[in-house]
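*Asks:*
2 protein chains.
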Amino acid sequence: MTKLPGKRKTTAEIYQLIRNKITSFEMFPGDRVTEHELADLFEVSRTPVREALKRLEVEGFVSVRPKHGCFIRDFDIVELAEYYDIRIALEQLAVEHACESMPDKLVKQAMEAWDPARHDDDMARGIDLSVKDEAFHIGLAEGAQKPMLADMLRSINNRIRIIRRLDINADNRSLRTYREHFEVLQHILNRDAGKAKLAIKRHILRSRDFAKTLTLTALAQKKAQIRAGNTR
Amino acid sequence: MTKLPGKRKTTAEIYQLIRNKITSFEMFPGDRVTEHELADLFEVSRTPVREALKRLEVEGFVSVRPKHGCFIRDFDIVELAEYYDIRIALEQLAVEHACESMPDKLVKQAMEAWDPARHDDDMARGIDLSVKDEAFHIGLAEGAQKPMLADMLRSINNRIRIIRRLDINADNRSLRTYREHFEVLQHILNRDAGKAKLAIKRHILRSRDFAKTLTLTALAQKKAQIRAGNTR
DNA sequence: CGATGCAATGTTGTATACAAGCAGCGCATG
DNA sequence: CATGCGCTGCTTGTATACAACATTGCATCG
Chain A
0 MTKLPGKRKT
10 TAEIYQLIRN
20 KITSFEMFPG
30 DRVTEHELAD
40 LFEVSRTPVR
50 EALKRLEVEG
60 FVSVRPKHGC
70 FIRDFDIVEL
80 AEYYDIRIAL
90 EQLAVEHACE
100 SMPDKLVKQA
110 MEAWDPARHD
120 DDMARGIDLS
130 VKDEAFHIGL
140 AEGAQKPMLA
150 DMLRSINNRI
160 RIIRRLDINA
170 DNRSLRTYRE
180 HFEVLQHILN
190 RDAGKAKLAI
200 KRHILRSRDF
210 AKTLTLTALA
220 QKKAQIRAGN
230 TR
Chain B
0 MTKLPGKRKT
10 TAEIYQLIRN
20 KITSFEMFPG
30 DRVTEHELAD
40 LFEVSRTPVR
50 EALKRLEVEG
60 FVSVRPKHGC
70 FIRDFDIVEL
80 AEYYDIRIAL
90 EQLAVEHACE
100 SMPDKLVKQA
110 MEAWDPARHD
120 DDMARGIDLS
130 VKDEAFHIGL
140 AEGAQKPMLA
150 DMLRSINNRI
160 RIIRRLDINA
170 DNRSLRTYRE
180 HFEVLQHILN
190 RDAGKAKLAI
200 KRHILRSRDF
210 AKTLTLTALA
220 QKKAQIRAGN
230 TR
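Keeping their order, the protein sequence lines are chains A and B. Following numbering that gives the first Met the number 0, the numbering of the first sequence begins with 0 at its first residue and continues without gaps. Following numbering that gives the first Met the number 0, the numbering of the second sequence begins with 0 at its first residue and continues without gaps.
1. What are the residues in the stretch 50-66 of chain B lying within 9 Å of chain A by C-beta distance?
2. What residue from Ala198/A, Ile161/A, Ala38/A has the CA that sits closest to threonine 176/A's CA?
3. With distances taken Cα to Cα, identify the nearest neighbour of alanine 112/B among Val130/B, Met26/B, Ser100/B, Glu36/B.
4. Beta-carbon separation of isoleucine 13/B and phenylalanine 41/B under 7 Å?
5. Evaluate proline 47/B with the Cβ neighbour count: other Cβ atoms within 10 Å of its Cβ, from every protein chain shown; 16 or more gives buried, anything less gives exposed.
6. Taking Cβ positions only, does proline 4/B come closer than 7 Å to chain A?
7. What first and last residue would you give for the beta strand (DSSP E) that runs through glycine 59/B?
8. Aspartate 84/B versus chain A: which residues are under 7 Å apart at the beta carbon?
9. In terms of residues, what are the limits of the alpha helix (DSSP H) holding phenylalanine 41/B?
10. What would DSSP say about phenylalanine 24/A, mapped onto helix, strand or coil?
11. Along the stretch 142-153 of chain A, where does the CB come closer than 7 Å to a CB of chain B? Name the residues.
12. Using beta carbons (cut-off 7 Å, strictly below), is isoleucine 137/B in contact with chain A?
13. Please confirm if alanine 97/A has its CB atom under 7 Å from at least one CB of chain B.
14. What residues match up with phenylalanine 70/A in a beta bridge as DSSP calls it?
15. Is the beta carbon of histidine 96/A within less than 6 Å of some heavy atom of the ligand ATP?
16. Using the C-alpha atoms, what's the distance from isoleucine 87/A back to isoleucine 187/A?
17. Give me the Cβ distance between phenylalanine 70/A and glycine 29/A, rounded to the nearest whole Å; I'm assuming they're in contact under 8 Å.
18. With a threshold of 16 other CB atoms inside 10 Å of the CB of threonine 9/B, please say whether the residue is buried or exposed.
19. Please go through the same chain and pick out, in chain order, the residues whose beta-carbon is closer than 6 Å to the beta-carbon of valine 32/B, but skip the five residues on each side of it.
20. Assess contact between the stretch 93-110 of chain B and the stretch 182-196 of chain B, defined as three or more Cβ pairs (one per stretch) separated by less than 8 Å. Is contact present?
Now the structure itself:
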């Protein structure tokens with residue numbers, strides 16, 4: 000965020016910086032960047048840039064065409080829908096396990112955090128809902144003692160975070176998110192796996208449908224904006 | 000496979016070589032290796048070794064402790080069981096989609112490959128069952144036009160390949176594998192998602208239970224062997 | 001005029017040199 | 001004898017130089 004000119008940046012920082020540039024649409028899908036460019040930009044050598052790009056490639060943010068350049072990967076709607084489907088399958092699994100083994104204490108703790116009554120207060124405090132939302136979904140898997148499942152959810156989130164950010168920040172959805180999360184947690188507390196699975200499915204499906212249209216418009220906007228603005 | 004001493008190896012090859020050493024128990028969990036060692040061993044510089052290790056780290060084969068060394072990661076039974084559970088969820092999803100959209104032609108093609116009548120012939124020909132098996136499971140997702148799902152299954156397979164290899168090569172299971180795969184395909188051809196999902200679930204569950212005991216004994220054997228053999 | 005070869009340029013791939021940091025050990029000192 | 005401090009060796013982290021290769025534009029030839 001803040002630029003410290005003197006400090007030499009580490010690979011992990013470069014990774015974050017590039018990812019931010021992508022997820023904030025500063026670098027647009029299809030753009031081609033070279034390792035040298037990025038190295039100059041961040042004032043480091045190509046080595047850490049390369050490592051960061053390698054990781055970003057594994058995670059699907061960019062694709063490196065050998066000897067040619069590095070391209071920001073496009074995300075198409077079909078791909079996103081697929082990820083949402085996968086999320087449903089995995090999170091239903093997480094919820095099922097949570098019903099079996101997530102301690103009451105943790106569930107109640109989460110319920111406090113997602114009590115719809117808290118919504119306005121949180122908003123007033125300027126809580127970053129996208130972060131809180133991610134913590135909820137990952138937290139179910141972690142609460143159920145399924146670290147690998149949590150890992151997979153994290154990696155999926157990496158891919159769709161761009162969209163979820165747009166999604167979750169839409170005002171008209173934020174209260175609904177509280178309600179839906181709260182409902183899921185209630186069912187978990189009651190150890191009713193069937194209802195909990197259904198609730199989480201509905202919740203994700205709603206997100207998906209919303210995200211779909213939202214993405215289209217957001218991308219279109221950005222595209223227009225880019226086209227109008229610069230010729231870098 | 001065959002060693003060409005003159006040819007300089009590329010990063011991808013180094014990656015494969017190291018992974019093979021791990022999955023074939025040539026490098027044992029807990030072992031510490033240094034980049035320099037590997038570079039010397041493969042007669043390349045540290046750079047490609049580093050890149051290969053980075054990738055292996057992402058995929059969970061090794062863990063690099065900064066400034067200290069690179070350790071072959073242990074796989075514990077609990078973790079493996081979790082992966083099998085995840086596979087059930089994901090492959091049920093794949094099968095469901097396959098019932099909807101996998102073309103008859105592809106299904107029939109797969110059924111030919113997995114016709115139990117072919118089993119003895121395949122064995123005689125020395126077919127690598129672990130490869131064929133992986134192609135089946137991935138193939139369902141691909142046939143259903145779900146490339147991202149296929150990707151995720153691939154990455155899970157990377158993690159449990161060691162075990163699956165032991166599993167699938169056990170003679171007494173190979174014919175059963177043909178039968179179970181064939182059954183799943185039959186249900187898909189009939190577009191009976193319910194039965195297909197149940198069949199794939201049973202199939203993976205059986206694998207899991209078998210793998211569990213198998214891994215324990217295999218690991219124990221190797222451990223004993225190592226303990227007896229060397230003190231490197 | 002068009003196609004083809006060829007060289008120049010730019011990009012990633014690899015090797016090597018140097019920096020930084022941590023662990024373990026030995027030494028000195030209380 | 002115990003303990004704290006610093007030093008050395010080893011390992012990863014980063015910078016840079018060089019190699020290989022793909023693309024592209026131009027020139028030359030049919």
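Glycine included, C-beta positions come from ideal geometry on N, C-alpha and C. Remember, predicted model here, so these are calculated numbers, not experimental data.
*Replies:* According to the structure data:
1. Of all residues in the stretch 50-66 of chain B, Glu50, Lys53, Arg54, Val57, Glu58, Gly59 have a Cβ within less than 9 Å of some Cβ in chain A.
2. Within the first sequence, numbered from 1, the residue matching residue 176/A stands at position 177. Nearest option by C-alpha distance: Ala198/A.
3. Position 113 of the second sequence holds residue 112/B. The shortest CA-to-CA distance from alanine 112/B to any of Val130/B, Met26/B, Ser100/B, Glu36/B is the one to Val130/B.
4. Taking the second sequence and counting its residues from 1, one reaches residue 13/B at position 14. Taking the second sequence and counting its residues from 1, one reaches residue 41/B at position 42. For isoleucine 13/B and phenylalanine 41/B, yes; Cβs fall inside 7 Å.
5. Start at 1 with the first residue of the second sequence, and residue 47/B comes out as number 48. Buried, since its Cβ has 16 or more Cβ neighbours within 10 Å.
6. The residue you call residue 4/B lines up with position 5 of the second sequence. Summary for proline 4/B: the model assigns pLDDT 45, below 50, so the residue's position carries little reliability; its value from the coordinates is reported in the next sentence. Not one chain A Cβ lies under 7 Å of proline 4/B.
7. As a position in the second sequence, residue 59/B is number 60, starting the count at 1. Taken as a continuous stretch (DSSP letters only), glycine 59/B belongs to no beta strand (DSSP E), as it is neither H nor E.
8. Here residue 84/B is taken as the residue at index 85 of the second sequence, counted from 1. Under the 7 Å cutoff, chain A gives Leu92.
9. In the second sequence, the residue the question calls residue 41/B occupies position 42. 34-41 is the span of the alpha helix (DSSP H), which, as asked, contains phenylalanine 41/B.
10. In the first sequence, counting from the first residue as 1, residue 24/A sits at position 25. Phenylalanine 24/A: coil per DSSP, three-state reduction.
11. Lys145, Met147, Leu148, Met151
12. Here residue 137/B refers to the residue found at position 138 when the second sequence is read from its first residue. For isoleucine 137/B, the answer is no, since every Cβ of chain A falls outside 7 Å of its Cβ.
13. Residue numbering aside, residue 97/A sits at position 98 when the first sequence is read from its first letter. Not one chain B Cβ lies under 7 Å of alanine 97/A.
14. Here residue 70/A refers to the residue found at position 71 when the first sequence is read from its first residue. DSSP output for phenylalanine 70/A lists Arg31/A, Ser62/A as bridge partner(s).
15. Of ligands this structure carries none, so the ligand ATP is not represented either.
16. Sequence index remark: in the first sequence, residue 187/A carries index 188 (1-based). Sequence index remark: in the first sequence, residue 87/A carries index 88 (1-based). Each residue's Cα considered, the two are about 16 Å apart.
17. Here residue 70/A refers to the residue found at position 71 when the first sequence is read from its first residue. Here residue 29/A refers to the residue found at position 30 when the first sequence is read from its first residue. About 7 Å separates the two Cβ atoms, so the contact holds.
18. Stepping through the second sequence from its first residue, residue 9/B is reached at position 10. Answer is exposed; the Cβ neighbour count stays below 16.
19. In the second sequence, the residue the question calls residue 32/B occupies position 33. Correct list, in chain order: Cys69.
20. yes
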